[in-house]
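A short worksheet on the structure shown next.
Chains as they are written, first to last, in our numbering: chain W, 1 to 229; chain B, 230 to 355.
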């Protein structure tokens with residue numbers, strides 16, 4: 001006899017539950033966690049490296065690197081003496097909460113105030129998989145075009161911060177910053193946008209100040225903004 | 230399912246794989262709680278914006294559900310189109326390519342009201 005069972009549950013509910021557990025663990029250690037997402041080549045690693053350089057004397061930093069393959073990015077970070085765990089997704093296009101849980105097991109959490117999780121370069125699905133982060137930071141770069149929010153609306157709607165990178169290339173491109181800002185804030189009225197260039201350093205101080213203040217806020221007992229989504 | 234499923238050459242195939250694993254686990258959990266011996270059908274609601282390719286999910290499902298009570302179950306995907314609501318005039322509309330502004334009042338502050346669904350509505354069991 002056929003019986004229908006009504007479920008009405010999110011397919012990724014198990015991932016969300018695991019993300020909440022990761023968040024609780026990071027909260028207990030007072031670690032402000034940033035999930036960094038972008039397309040390949042938008043500047044995630046350059047941004048992380050530049051931010052480490054600027055803030056490492058003030059806050060304890062660790063990194064979880066997600067890549068389809070290789071440890072090129074993790075090697076760069078390890079070379080400057082920052083604790084880093086590489087996750088290779090073996091073809092997978094996003095990180096999930098389970099992978100991050102295992103990475104946390106391998107990281108020394110004591111003395112860490114700020115954790116960067118560098119997601120796999122992809123604008124399609126990483127936003128669907130909560131990891132346990134406090135904030136989602138998306139990097140979009142000028143060469144990608146100002147139409148990206150129309151093509152990947154869910155990514156832009158879900159992020160807390162957009163870093164608009166490679167502003168130094170503006171003279172060579174047709175990118176319209178006002179059009180970009182209009183569509184992103186239309187989709188996501190609370191988003192914070194920082195135009196910057198990891199190459200020239202333009203705009204970076206505003207991002208550093210925002211991040212440092214968020215890290216301090218968490219140390220004082222705040223719990224970030226996104227409780228595992 | 231054809232063996233030459235296009236998802237195998239698509240970069241996003243692993244995305245469908247993780248979705249499929251979650252679908253199977255959730256269906257088995259619910260069927261187990263109900264004391265079912267077989268899952269025959271799984272009804273999913275998938276929004277246009279969720280980036281999930283239904284054929285891929287069924288293809289992976291057939292492979293990973295072997296030796297479970299969900300082996301042979303058919304997956305049904307109820308699509309949901311992208312729909313936006315204008316913050317100014319509350320008009321609900323479907324966007325056209327690069328134009329996400331309200332067709333009524335041209336406001337660009339909008340809210341996504343549908344198209345992001347990714348949930349299991351029900352399962353049919355024996």
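All C-beta atoms in this analysis are idealised placements derived from N, C-alpha and C, irrespective of residue type, glycine included.
- In terms of beta-carbon proximity, residue 282 of chain B stays away from the interface with chain W, with every pair separated by 7 Å or more.
- The beta carbon of residue 148 of chain W sits no closer than 7 Å to any beta carbon of chain B.
- The DSSP-derived three-state label of residue 337 of chain B is coil.
- In this structure, the alpha-carbon of residue 165 of chain W lies about 10 Å from that of residue 202 of chain W.
- Relative to the Cα of residue 8 of chain W, the nearest Cα in the group B:354, B:350, B:308 belongs to B:350.
- Collapsing the DSSP output to three states places residue 328 of chain B in a strand.
- When secondary structure is reduced to three states using DSSP, residue 163 of chain W falls in the strand class.
- Going by DSSP, residue 350 of chain B is part of the beta strand (DSSP E) stretching over 347-354.
- For residue 113 of chain W, no CB of chain B lies under 7 Å from its own CB, so it is not counted at the interface with that chain.
- Assignment of alpha helix (DSSP H) within the region 108-151 of chain W, counting only whole runs of 4 or more residues, yields 148-151 in chain order.
- With respect to chain B, the C-beta atom of residue 9 of chain W has a partner C-beta closer than 7 Å.
- In terms of Cβ geometry, residue 117 of chain W and residue 35 of chain W form a close pair [threshold 7 Å].
- Take the alpha-carbon of residue 196 of chain W and the one of residue 63 of chain W: they are about 21 Å apart.
- Residue 47 of chain W sits in a helix when the DSSP states are folded into three classes.
- Under the three-state reduction of DSSP, residue 181 of chain W is assigned to helix.
- With respect to residue 2 of chain W, residue 258 of chain B sits apart: the two C-beta atoms are not nearer than 7 Å.
- Counting the other CB atoms within 10 Å of its CB gives residue 80 of chain W a total below 16, which places it among the exposed residues.
- For the pair of segments examined, the region 89-100 of chain W was found to touch the region 115-132 of chain W: the number of CB pairs separated by less than 8 Å reaches three.
- Its Cα nearest to that of residue 137 of chain W, the residue W:208 stands out among W:217, W:106, W:208.
- Residue contact with chain W for residue 303 of chain B: absent (no Cβ-Cβ distance below 7 Å to any residue of chain W).
- Counting only residues of its own chain and dropping the five nearest sequence neighbours on each side, residue 50 of chain W has a CB closer than 6 Å to the CB of 198.
- The three-state secondary structure of residue 249 of chain B, taken from DSSP, is helix.
- DSSP places residue 283 of chain B in the helix class (H, G or I) of the three-state scheme.
- Assignment of beta-bridge partners to residue 319 of chain B by DSSP yields no partner.
- Bounds of the alpha helix (DSSP H) holding residue 213 of chain W are 204-219.
- When C-beta atoms of the region 298-310 of chain B are compared with those of the region 261-276 of chain B, three or more pairs fall below 8 Å, so the two segments count as touching.
- Three or more Cβ pairs drawn from the region 24-42 of chain W and the region 124-142 of chain W lie within less than 8 Å of each other, which places the two stretches in contact.
- Using beta-carbon distances, residue 193 of chain W does not count as an interface residue toward chain B, since no partner is under 7 Å.
- Within 8 Å of the CB of residue 255 of chain B, the CB atoms of chain W belong to 7, 9, 11, 13, 14, in sequence order along the chain.
- For residue 154 of chain W, the enclosing alpha helix (DSSP H) has its first and last residue at 153-158.
- In the structure shown, the three-state DSSP call for residue 309 of chain B is strand.
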